[in-house]
Structure formats: C-alpha cells, structure tokens
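Report on the following structure.
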Amino acid sequence: MNPDELPNNSMMLLVQMNDDGEMSILSGSNLDEDNDEKTIEFLNDVMTGLFLSFDNMINLFAYIGHMARTSEELYDELRGQGAHFEPDEELLKAIRDSKVIPFDKKKLN
193 MNPDELPNNS
203 MMLLVQMNDD
213 GEMSILSGSN
223 LDEDNDEKTI
233 EFLNDVMTGL
243 FLSFDNMINL
253 FAYIGHMART
263 SEELYDELRG
273 QGAHFEPDEE
283 LLKAIRDSKV
293 IPFDKKKLN
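When we follow the numbering used here, the leftmost residue of the sequence shown carries the number 193, and every step to the right adds one.
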C-alpha cells in the first residue's frame, strides 16, 4: 500500500508473508504537514520504535499471542465444566450412622 493512500494523519505497520515463508515488515505514514515539527518527530519516533520492536521481537510477540490464545481456550474449557460434587454413598451412610465426628469451628483458630 502506498503511504499516500493511507487516511490523513495515520501510520501503518504491514506484515506480509513472502512465498519463501519469510515475513516482510513494512511501515508507512501519511502525516499532515500542518502538524507541528515536534508532533511529526514524535509520531515518526513511535513508528520507528514499533518497526524495530516488531522486527527484533517477533518471537516474543508470537509467544505472547500463543499464551493469550491457550489461556483463553483453557478458560473456556474450565468454564464449561463447572464444579459438581456428589457425595459418596459411604459418606452419606457414615453421616446417617453418626460415625462422623463433629468439630467446633470456633476452636479451629
């Protein structure tokens, strides 16, 4: 994409998969020349920082994405299970036969 095609005062970071399986990381911006020099300098610094971070920390970003995806999958799996307790028949019989020793909750401290 040509930077001139971007909306006014916007920046882009484009990740493209090449035929050989490698990734190309491209950046571009279309900043309004009416912005003051400090604003343009700041935005260009942000874009350069993003570009260099992305290029140098691609494995970290992939790891973070993997962790987010798997934790979401685990959360969904656990949420669907819920906690369900059914007492064993032996426990119920022991309670009925008074073979369970009661304890005073106040004395646990």
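Where is the CB? At the ideal position from N, CA and C, for every residue including glycine.
Taking the alpha-carbon positions, what's the residue i to residue j distance?
{"i": "residue 200", "j": "residue 222", "result": "6 Å"}
{"i": "residue 210", "j": "residue 278", "result": "56 Å"}
{"i": "residue 284", "j": "residue 290", "result": "10 Å"}
{"i": "residue 293", "j": "residue 264", "result": "43 Å"}
{"i": "residue 215", "j": "residue 280", "result": "58 Å"}
{"i": "residue 227", "j": "residue 258", "result": "39 Å"}
{"i": "residue 239", "j": "residue 218", "result": "11 Å"}
{"i": "residue 229", "j": "residue 243", "result": "21 Å"}
{"i": "residue 269", "j": "residue 261", "result": "12 Å"}
I need the DSSP call for residue i, collapsed to helix, strand or coil.
{"i": "residue 263", "result": "helix"}
{"i": "residue 245", "result": "helix"}
{"i": "residue 206", "result": "strand"}
{"i": "residue 197", "result": "helix"}
{"i": "residue 236", "result": "helix"}
{"i": "residue 293", "result": "coil"}
{"i": "residue 227", "result": "coil"}
{"i": "residue 253", "result": "helix"}
{"i": "residue 278", "result": "coil"}
Just reading off the beta strand (DSSP E) that residue i is part of, what are its end residues?
{"i": "residue 216", "result": "215 to 222"}
Over what stretch of residues does the alpha helix (DSSP H) that includes residue i continue unbroken?
{"i": "residue 284", "result": "281 to 288"}
Give the C-beta separation of residue i and residue j to the nearest angstrom, bearing in mind that I take them to be a contact with Cβ-Cβ under 8 Å.
{"i": "residue 246", "j": "residue 205", "result": "6 Å"}
{"i": "residue 195", "j": "residue 213", "result": "In fact, because the Cβ distance is near 27 Å, the residues do not count as touching under 8 Å."}
{"i": "residue 203", "j": "residue 252", "result": "Residue 203 to residue 252, Cβ: 22 Å. No contact."}
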